[in-house]
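As numbered in this note's numbering, residues 6 to 260 make up the sequence shown, in order.
Glycine included, each C-beta is placed from N, C-alpha and C at the ideal position.
First up is the structure itself, then whatever we jot down about it.
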Amino acid sequence: MSRKPLMVGNWKMHANHLETIQMVQKLSYRLDGPDFDRVDVAVAPPFTALRSAQTVLEADRIPISLAAQNVHQESEGAFTGEISATMLAKLSVSYVIVGHSERRSQFLEDDALVNRKVKAVLAEDMTPVICVGETLDEREAGQTDEVLIRQISGALKNLTPDQVAGLVVAYEPVWAIGTAHSAEPDDVQERVQRCRVAVVDSFADGGEHVRILYGGSVNPGNIGSYMAKRDIDGALVGGASLDPDTFAMVVRYWA
Ligand code: PEP
């Protein structure tokens, strides 16, 4: 099964709309047509910069996809401060990050809410990037696989095999995010393979098509060792995606 690699830059709460324009342009200068044949690339600026990013990407025909960092589960209503999947789709957003560990821990998002958000994203024909991962305490208690399976089955509840086939899952051990303590590639491969087997068990072939990314202190020096693993289909990159030169080196992991 060949799955096209995907590199997603999660800018978190960094970059205003003017900085975003510069970052997107710089990134595009550093990547060529053949790079995009080999890898799908997406950036997730803050909501306030999505429109500016969309304008530059479309005007200059840059084949970088737009991603959002979060979404509300309802399509409209009295939800002050929230953004719906319908609004994101209108901005040509292709991917939506759902259930990032920062949202789970700081905004108390649970698996049931993640499932509702996944469905909202799919209903607008966008691709959810579903983040799963264990905390250090859970890892030390030997609960990693149990946590991953629980989060994945919660997120995918009541989806069809066709819907699942188009999804992206990002395995992000919480202790590896923004810490410079990236996970061992062999360990990531093992965890990701178990996740894939669990998805195949529930959704048959859909599980073979799901792209599973690794996230957690990815940089140009370590990306190659993750991409060499059979079940790792790309990366969700935080800190290293903020500098276009560095992110371009991650994208071009083979160079
Ligand atoms: C993330 O926020 O999803 C992430 C993986 O961050 P970093 O690359 O900085 O560890």
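Check Ser-99 in the structure and name its three-state DSSP category.
-> strand
Three-state secondary structure assigned by DSSP to Arg-216 | strand
Under three-state DSSP, which class holds His-19?
-> coil
With a threshold of 8 Å, establish whether the CB of Asn-15 neighbours any heavy atom of ligand 1.
-> yes
So what does Met-12 bridge to, in DSSP terms?
-> Val-46, Ala-240
Nearest-angstrom Cα distance between Arg-43 and Thr-85?
-> 41 Å
Can you give me the Cβ contacts of Gly-183 inside the same chain, cut-off strictly under 8 Å, excluding the 5 residues immediately before and after it?
-> Ser-222, Gly-243, Gly-244
What is the DSSP secondary structure of Pro-68, counted as helix, strand or coil?
-> coil
Tell me whether Val-119 sits in a helix, a strand or coil according to DSSP, three-state version.
-> helix
Residue environment, Thr-132, which counts as buried when at least 16 other CB atoms sit within 10 Å = buried
Would you call Gly-53 buried or exposed, if buried means 16 or more other Cβ atoms sit within 10 Å of its Cβ?
-> The sequence shown places Thr at residue 53, not Gly. Answer is exposed; the Cβ neighbour count stays below 16.
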